[in-house]
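Below is one structure; the comments refer to it alone.
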Amino acid sequence: MRTAGALLRHELRLLASLALWFTRRTRVTDGGRAFGYARGQGAMTAGLVFVCVIESLCMSVLLRDWPRTHHVVLALDVYTVVFLLGLHAATVVRPHVLEPDALRVRRGAQVDLRIPLAQVASVRRELRMTHTPAAGELALPVGSQTTITLQLAEPVTHFTFLGRQREVGTVRFHADDADTLVTALRPLVEEVRRARTVPSTSPGPPG
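In terms of my numbering, the sequence shown opens at residue 88 and continues consecutively.
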């Protein structure tokens, strides 16, 4: 039941992403700054959709004498096209978001991890093309690459696609404009760090 529920929620997120994509809106919080990671994925999605359409046309010819079977196959083909478009739409309308006190790291409709800036120990521009699974590490590659690495002072809880909890202390992800994101993130992290280390002033003795 948990798996079925996770799949259903994912399907609904894809449909909602399609609606946002068609209306040219994104899921960005007020005061947040969006950083995309889907550049270059559109051509691949278009290619896959084109292949599905051609396959559907060929099957309609082959199954013209079996209308019921043709209707089933056509429904599956339409679903596949909608699914592919939904996956692409989710990456476009759900970008990474840099908020005043947190960074939301996303990957489509599957991952939306909110990392408080107070828990960021370091951020660096780092290109990685291979990602070996490791305990305490979350890698979110796009096109097999990550371009930013966050080292956390305290672990954050990440919920997997099926709802399992993981504590992660290192987060690797990709952004189309990684340099700009790192440049924007570093001063905010330093500002939060200074605010935490400034000693509070004594209110003095009661009058």
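Note that CB positions come from ideal geometry on N, CA and C, so glycine has one too.
Beta-carbon proximity check, residue i vs residue j, cutoff 8 Å
{"i": "Pro203", "j": "Arg193", "result": "no"}
{"i": "Phe246", "j": "Gln238", "result": "no"}
{"i": "Thr236", "j": "Arg259", "result": "yes"}
{"i": "Thr113", "j": "Val198", "result": "no"}
{"i": "Arg151", "j": "His158", "result": "no"}
{"i": "Leu268", "j": "Leu185", "result": "yes"}
{"i": "Arg89", "j": "Gly250", "result": "yes"}
{"i": "Thr257", "j": "Glu224", "result": "yes"}
{"i": "Val279", "j": "Asp188", "result": "yes"}
{"i": "Val160", "j": "Val136", "result": "no"}
{"i": "Ala221", "j": "His97", "result": "no"}
Host beta strand (DSSP E) of residue i (start-end)
{"i": "Arg114", "result": "Here Arg114 belongs to no beta strand (DSSP E), and DSSP marks it neither H nor E."}
{"i": "His245", "result": "Thr233 to Phe246"}
{"i": "Val210", "result": "Val207 to Arg215"}
{"i": "Gly256", "result": "Gln252 to Phe260"}
{"i": "Ala222", "result": "Here Ala222 belongs to no beta strand (DSSP E), and DSSP marks it neither H nor E."}
Limits of the alpha helix (DSSP H) - the one that residue i falls within
{"i": "Arg93", "result": "According to the sequence as given, residue 93 is Ala; it is not Arg. It spans Arg89 to Phe109 - the alpha helix (DSSP H) in which Ala93 sits, taken as one unbroken run."}
Distance between beta carbons of residue j and residue i, contact taken as under 8 Å
{"i": "Ala240", "j": "Gln206", "result": "5 Å"}
{"i": "Val229", "j": "Pro242", "result": "Not confirmed; about 23 Å, so no contact."}
{"i": "Leu272", "j": "Leu190", "result": "7 Å"}
{"i": "Leu227", "j": "Thr233", "result": "7 Å"}
Any contact of the segment 120 to 134 with the segment 206 to 218, i.e. 3+ C-beta pairs under 8 Å?
In short, these stretches do not touch, since the Cβ pair count stays below three.
Give the list of continuous beta strand (DSSP E) stretches no shorter than 3 residues that lie fully inside the segment 122 to 203.
Listed in chain order, they are 183 to 185, 189 to 194 and 198 to 203.
Is it a yes or a no for the segment 164 to 175 touching the segment 100 to 107, going by three-plus beta-carbon pairs under 8 Å?
By the Cβ test, the segment 164 to 175 is in contact with the segment 100 to 107, since at least three Cβ pairs between them sit closer than 8 Å.
Would you call the segment 134 to 144 and the segment 158 to 170 in contact, with 3 or more CB pairs under 8 Å?
Cβ pair count under 8 Å is three or more, so yes.
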